[in-house]
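If you're matching positions, the sequence shown starts at 3 in our numbering and goes up one per residue.
Beta carbons: idealized from backbone N, C-alpha and C, even for Gly.
To start, the structure itself, in structure tokens.
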Amino acid sequence: MSRWQWIQLLAFEGFWLLAVAGQNRWLAPVVLLLLVHFVFTPSRRADSRVLSLALLGLAVDGVLAWAGVFAFDHPPWWLALLWAGFVLTLGHSLVWLRGFAPWLLALTGALAGASSYLAGWRLGAVQLPLGFWVSALVLALVWAALLPLLVRLDRRLRSD
């Protein structure tokens with residue numbers, strides 16, 4: 003990985019923690035980190051196009067919330083920013099995912115995607131009305147399909 007990819011990866015970890023732990027209270031620093039990404043990114047135009055993928059993630063989360071898989075105390079504005087930050091990693095610090103076989107990408111999505119939401123639950127950012135295990139299973143199944151789709155769409159949007 004390049005120096006930029008390492009910086010972007012570490013910045014996203016901080017971004018994730020600020021967004022999830024701080025939720026709507028820490029929106030300003032989360033927005034600031036997102037803007038800093040656009041100051042330093044080597045691919046500003048492609049990154050701008052890729053931001054549209056955050057809408058797909060928000061739609062999936064909206065369906066999951068509607069279905070009762072998870073719930074929030076307040077409208078999670080921080081989640082929209084978290085999606086924006088995550089989709090930006092796909093073409094930078096997580097670009098290596100493109101080399102995964104489809105089954106491995108699905109497995110990675112199932113494990114990492116579900117784990118992210120479960121960590122958010124442990125930090126009090128989200129409730130799991132269906133319980134831990136049912137929610138974990140649903141999230142794993144959703145992310146097994148979602149991550150391969152996001153990686154494919156990211157590649158397509160960046161090649162335009």
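Which of helix, strand or coil DSSP assigns to residue i
i: residue 73; result: strand
Residue i, buried or exposed, once every other Cβ within 10 Å from all chains shown has been counted against 16
i: residue 80; result: buried
i: residue 218; result: In the structure as shown, the chain begins at 3 and stops at 162. Residue 218 is therefore absent and cannot be evaluated.
i: residue 129; result: exposed
i: residue 14; result: buried
i: residue 111; result: buried
i: residue 8; result: exposed
Of the listed residues the options, nearest to residue i (C-alpha basis)
i: residue 6; options: 156, 157, 95, 108; result: 95
i: residue 90; options: 48, 109, 151; result: 48
i: residue 65; options: 151, 146, 141, 159; result: 141
i: residue 147; options: 135, 51, 113; result: 113
i: residue 154; options: 100, 41, 51; result: 100
i: residue 37; options: 53, 24, 23; result: 53
i: residue 24; options: 134, 43, 103, 76; result: 76
Same chain, Cβ closer than 6 Å to residue i, five either side skipped, listed in chain order
i: residue 11; result: 95
Residues near residue i by beta carbon distance below 8 Å, same chain, minus five either side
i: residue 21; result: 28, 32, 80, 81, 83, 84, 87
i: residue 109; result: 146
Is there contact between the segment 19-33 and the segment 44-62, where contact requires at least three CB pairs shorter than 8 Å? no
Could you check whether the segment 68-80 touches the segment 112-131, counting it as contact only if at least three pairs of C-beta atoms, one from each stretch, sit closer than 8 Å? yes
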